[in-house]
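Trainee: For what it's worth, the numbering used here labels the leading residue of the sequence shown as 18, then goes sequentially.
Virtual Cβ for every residue (Gly too), placed ideally from N, Cα, C.
Quick one: structure below, then a few questions.
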Amino acid sequence: MIRCSKCILPEDFPNIQFDNKGICNYCHAWDGKWKQFDYNKSEQELVSIIDAAKAKKRRYDCLIPYSGGRDSSYVVYLCKNKYKLNPLLVTFNNLFMSAYAMENIHSMAQRLGVDHVMFTYRPDIIKRFYSAMVRNGGEFCSVCATGINHVRVLYQRIYNIPLIISGTSSRVDEQSPLEINSTHPAYVRKVLIKSGFSVHDIDSFVLKRQNEFSTLERVRMKMFGNDYTTINLPDFIPWNNQEIQRVLEEELGWKTPDRHKDHIDCKFAPIKYYLKNRQIPHFIFTQEKYSQLIRDGQMTREDALKSWGKMLETEGNEPSELEEFLCFLDLQRQDLERSRGLSHLDYISKKDIESKESRVYKALSYLWKLYRRM
Ligand SMILES: [Zn+2]
């Protein structure tokens, strides 16, 4: 198997090409965006986005989707202490949260001194959505992603919050191409329709993402003053792991999880990897994350290959949580067998998920900007 000589992506990775030094196009794209990144300029841009949100003088300046993880906790810390924003934290209860994650979410919200909502959508329906996605899509993470979008959209609307700030980083987090993974609403809707859910049940939960809004909806939101901006904070400022760890431990009393004992975030995470391996054999999800860390100088290629190899050895082994997972979602082993080989690509193509930003909307937003400046 040929791999990129810089990161660890393999030759069968979707759309990969190597140059004459064996370096892949994903590494080149990363360098193009991040190598000479001007943080001074981007922080100025960030401050102007923040000032615009504060100037609206709403009950909350921003909404932060809060998982209780390191990155989102650090986002809250910076928003509150450095940028002096008044945030509302929202957490989607995916029903799979580990005890560690639950405890951490509550204690962090308290220490950070901010308003926090833990939102639970009807568990009976959510469980049926999960089972349907496993049976007909071969995975279940898209339900959780849909839920996170649901709480964002819902609470943005309730309080008319002008800014959504998340902790996802396109610099160091994996950016899976469509061939590998998707949680897109168009895909989720199609699987749920096939599974026999009513349009009412689906539409109540699967809300549009911001880039799915039609031109008319966007114009209407702008006109009535309830449009909003979404940003990823790590794309504007340096995101230094050591500094994040220091702040969390020293200033927020963060309890660093014991990786052997604590399920960090989702107690069924090992099943996500197990199911993905059945869709794409010998595909180890973390190779994308590791490749990002190598590009950013936070991991060596040797270390990445070593732990990747270890994971490959256990590929296909049944996770110890499987029985509990099946029982919780009322699934049978035959359901898993039948879902082998299913993929999101059976339901959606690149064309289905292209952003619907039309020329009309672009022209109107340009005129709007000019009008606001006058
Ligand atoms: Zn590469």
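1. Mind checking if M114 is an interface residue toward chain B, Cβ cutoff 9 Å exclusive?
2. Verify the contact flag: Y43, CB atom, against every heavy atom of ligand 1, threshold strictly below 8 Å.
3. I believe L63 touches I181 by the beta-carbon criterion, under 8 Å. Please report the beta-carbon distance rounded to the nearest angstrom.
4. Distance check for L171 and G154, CA to CA, integer angstroms please.
5. Let's see if you can read the secondary structure: which residues bound the alpha helix (DSSP H) around L106?
6. Tell me the rounded alpha-carbon separation between F157 and I67.
7. Can you give me the start and stop residues for the beta strand (DSSP E) that I197 sits inside?
8. For ligand 1, is there a heavy atom less than 8 Å away from the beta-carbon of S187?
9. My understanding is that N110 touches T137, with C-beta atoms under 8 Å, so please give their C-beta distance in whole angstroms.
10. When DSSP builds the beta bridges, which residues end up paired with V223?
11. To the nearest whole angstrom, what separates the beta carbons of L381 and I25, a pair I think is in contact under 8 Å?
12. Between L26 and ligand 1, is there a pair consisting of the residue's CB and a ligand heavy atom that are separated by less than 8 Å?
13. If you drop the 5 nearest sequence neighbours on each side, which residues of the same chain put their C-beta closer than 7 Å to that of K225?
14. Under DSSP, the alpha helix (DSSP H) around M125 begins and ends at which residues?
15. Buried or exposed: where does V377 fall if 16 or more other Cβ atoms within 10 Å of its Cβ makes it buried?
16. Would you say the beta carbon of I254 comes nearer than 8 Å to a heavy atom of ligand 1?
17. Rounded to whole angstroms, what is the Cα-Cα separation between Q296 and N198?
18. Going by Cα to Cα distance, which pick from R174, L112, N177, I178 is closest to G164?
19. S356: buried (16+ other C-beta within 10 angstroms of its C-beta) or exposed?
20. Any chance the segment 180-196 sits against the segment 132-146, with 3 or more Cβ pairs inside 8 Å?
21. Going by DSSP, what residue range makes up the beta strand (DSSP E) through P140?
22. Could you tell me which residues DSSP pairs with I181 in its beta bridges?
23. What does DSSP give as the partner residues of M135 in its beta bridges?
24. Looking only at its own chain, which residues have a Cβ that is under 7 Å from the Cβ of C21, when we skip the five neighbours before and after it?
25. Helix, strand or coil for C344, going by three-state DSSP, please let me know.
26. Where does P287 fall in DSSP's three states?
27. Going by C-alpha distance, which of I311, W271, E330 is nearest P298?
28. Is C161 helix, strand or coil by DSSP?
29. Between K293 and F300, how many whole angstroms is the CB-CB distance? I'm expecting something under 8 Å.
30. Measuring CB to CB, does R169 end up less than 9 Å from P82?
31. Is DSSP giving R188 helix, strand or coil here?
32. Looking at C-beta atoms only, is the number of pairs between the segment 261-274 and the segment 83-93 that lie closer than 8 Å three or more?
Mentor: For this structure:
1. No chain B is part of this structure, which consists of one protein chain only.
2. yes
3. In fact, because the Cβ distance is near 14 Å, the residues do not count as touching under 8 Å.
4. 26 Å
5. Here L106 belongs to no alpha helix (DSSP H); instead the beta strand (DSSP E) covers 104-109.
6. 35 Å
7. Careful: I197 lies outside any beta strand (DSSP E) and carries neither H nor E.
8. no
9. 4 Å
10. Bridge partners of V223: none, in fact.
11. The pair is not a contact, with the Cβ atoms about 45 Å apart (cut-off 8 Å).
12. yes
13. P202
14. 116-129
15. exposed
16. no
17. 10 Å
18. L112
19. buried
20. no
21. Note, P140: premise wrong, no beta strand (DSSP E); alpha helix (DSSP H) at 140-154.
22. L80, T247
23. T108
24. F35, G39, I40, C41, C44
25. helix
26. helix
27. E330
28. helix
29. 7 Å
30. yes
31. coil
32. yes
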